[in-house]
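In terms of our numbering, the sequence shown is residues 2 to 165. The C-beta atom is built at its ideal place from N, Cα and C for all residues, glycine as well.
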Amino acid sequence: MKKRKENMTPDYRKSGYLKVGRSVLRAFFMGERDLRELASILLCVETFAYFSEGQVWLNDQVYFCHPGEWITSYTEIEELTGIDRRQVKKYLVKLEKQHFVLVSNVGFYKRIALVNYEQSVQVQHGEPADHNPNETDRNNSGGSIWDEAMNFYNPGNDQKGAVN
Numbered sequence: 002m003k004k005r006k007e008n009m010t011p012d013y014r015k016s017g018y019l020k021v022g023r024s025v026l027r028a029f030f031m032g033e034r035d036l037r038e039l040a041s042i043l044l045c046v047e048t049f050a051y052f053s054e055g056q057v058w059l060n061d062q063v064y065f066c067h068p069g070e071w072i073t074s075y076t077e078i079e080e081l082t083g084i085d086r087r088q089v090k091k092y093l094v095k096l097e098k099q100h101f102v103l104v105s106n107v108g109f110y111k112r113i114a115l116v117n118y119e120q121s122v123q124v125q126h127g128e129p130a131d132h133n134p135n136e137t138d139r140n141n142s143g144g145s146i147w148d149e150a151m152n153f154y155n156p157g158n159d160q161k162g163a164v165n
């Protein structure tokens with residue numbers, strides 16, 4: 002491992018970003034002990050979840066891993082967070098009930114998948130059924146900003162610089 006990877010550096014382009022909710026961070030820093038440990042487990046899973054598809058070798062076995070999944074053990078999470086292994090199991094069950102993660106068995110290991118890790122952005126073409134063309138946005142007299150933005154993606158528009 003290179004020395005650069007051992008230290009914290011602000012080179013975001015090389016290390017990427019981690020999207021963490023404010024409520025999780027607030028619980029991690031200011032919550033009571035149970036809430037703080039729950040947030041710690043979730044942050045640990047979010048930190049070490051794989052960001053792309055790949056293969057994981059564990060005990061001479063190859064496992065295919067999708068983005069947002071982490072194949073690990075309760076003992077490894079215990080070592081990373083300092084929380085007892087039995088508590089780790091309890092907190093993962095709690096996170097699963099709250100729909101943050103999905104936990105499944107992979108041999109002696111656990112596959113922990115983050116729920117909604119890769120949410121697809123769906124662009125709606127055309128007008129929604131409940132849209133009234135006579136209504137105008139309060140802040141814009143011609144139409145909403147979303148209508149103007151979607152106009153760039155419609156093949157029939159005559160604007161310069163449009164994406165067709």
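- For residue 56, the uninterrupted beta strand (DSSP E) run begins and ends at 55-59, by DSSP.
- By the criterion of at least three beta-carbon pairs nearer than 8 Å, the segment 71-81 is not in contact with the segment 20-38.
- With respect to residue 115, residue 69 sits close: the two C-beta atoms are nearer than 7 Å.
- Taking the Cα of residue 61 as reference, the smallest distance to any Cα among 108, 46, 83 and 117 is reached at 108.
- Residue pairing for residue 113: DSSP places it in a beta bridge opposite 71 and 104.
- Contact annotation: residue 49 and residue 56 have beta-carbon atoms that are not nearer than 7 Å.
- Beta-bridge partners of residue 99 (DSSP): none assigned.
- Spatial neighbours of residue 110 in its own chain (CB-CB distance under 7 Å, excluding positions within 5 residues in sequence) are listed in chain order as 59, 72, 73 and 74.
- Straight-line spacing of the CA atoms in residue 99 and residue 53 works out to 25 Å.
- Less than 7 Å separates the beta-carbon of residue 25 from that of residue 43.
- Residue 21 sits in coil when the DSSP states are folded into three classes, being neither helix nor strand.
- Per DSSP, the unbroken beta strand (DSSP E) holding residue 65 starts and ends at 62-66.
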